[in-house]
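Here is the structure we will look at, set down as structure tokens.
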Amino acid sequence: MTFRCICNIITYYRSGKVGVAYMKKENKNNTLAQNRKAFHDYFIDETFEAGIALVGTEVKSIRAGKVNLKDSYAQVKNGEVFLCNMHISPYEKGNIFNKDPLRERKLLLHKKEIATLLGYTTQKGYTLIPLSLYLKKGRVKVALGVARGKKNYDKREAIAERSAKRDIDRQIKERMR
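First residue of the sequence shown: 17, per our numbering; consecutive thereafter.
Written out as structure tokens, the structure is:
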């Protein structure tokens, strides 16, 4: 490294372009909404990360937590993926920029990922379910899961496993005291 290169780096840091906001590590818990029912009703085989095309004041509503992923799903239409039935409440302070709360929203994925999702959804029994909404570098992302439906006995089995694990953890905690 030359002296000139070091001087340029020092000048860059003194210019104020690199501040505390840039040097701060990103918070790991940027989850804005979760679809808890998805893990109860479906087996999740694979997950994908997708951007979401939002308009108007939808981002402000999502950041305020006014979003509901229950009963929402994604589908592939004409080589594009759309998220349906996701309810984003209108922003209170918004006016003409508020959009329909239940409109279809386009998901931003690579063509290879869309082809993979199309392959899954053409198989019988598979569907695309949004698992969570979160922030990544200031952008709203959606975790999309390729899911198979659970039968009632599968759900009961999962509940029994969870309660057994909870009892075991409780017993271990009591013995450690």
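Quick reminder that beta carbons are idealized off the backbone N, C-alpha and C, glycines included.
Length of the line joining the Cα atoms of residue i and residue j
i, j, result
"A69", "G141", "27 Å"
"N168", "Y58", "11 Å"
"A66", "K189", "40 Å"
"T137", "L144", "7 Å"
"D185", "Q50", "25 Å"
"K157", "G110", "22 Å"
"F98", "K171", "28 Å"
Beta-carbon proximity list for residue i, same chain, < 6 Å, skipping 5 on both sides
i, result
"A63", "Sequence inspection shows Thr at residue 63; the Ala mentioned does not correspond to that position. Excluding positions up to five away in sequence, the list reads A159, G161."
"E42", "Summary for E42: the model assigns pLDDT 47, below 50, so the residue's position carries little reliability, and this model does not support an answer."
"N84", "H103"
Cβ-Cβ distance between residue i and residue j below 8 Å
i, j, result
"I112", "I78", "no"
"P146", "M192", "no"
"K122", "E96", "yes"
"L149", "L48", "yes"
"I100", "E129", "A small correction: the amino acid at residue 100 is Cys; Ile does not occupy that position in the sequence shown. In this structure, E129 does not lie closer than 8 Å to C100 by Cβ."
Rounded distance between the beta-carbons of residue j and residue i, thought under 8 Å
i, j, result
"V71", "L134", "Contact flag wrong, Cβ pair sits at about 25 Å."
Residues near residue i by beta carbon distance below 7 Å, same chain, minus five either side
i, result
"K82", "I104, S105"
Buried versus exposed call for residue i [16 or more other C-beta atoms within 10 Å across all chains shown]
i, result
"S88", "buried"
"A80", "exposed"
"T73", "buried"
"A180", "exposed"
"A54", "buried"
"L90", "A quick correction: the sequence has Ala, not Leu, at residue 90. A90 should be labelled buried."
Sequence-distant residues of its chain with Cβ nearer than 8 Å to residue i (five each side left out)
i, result
"A176", "none"
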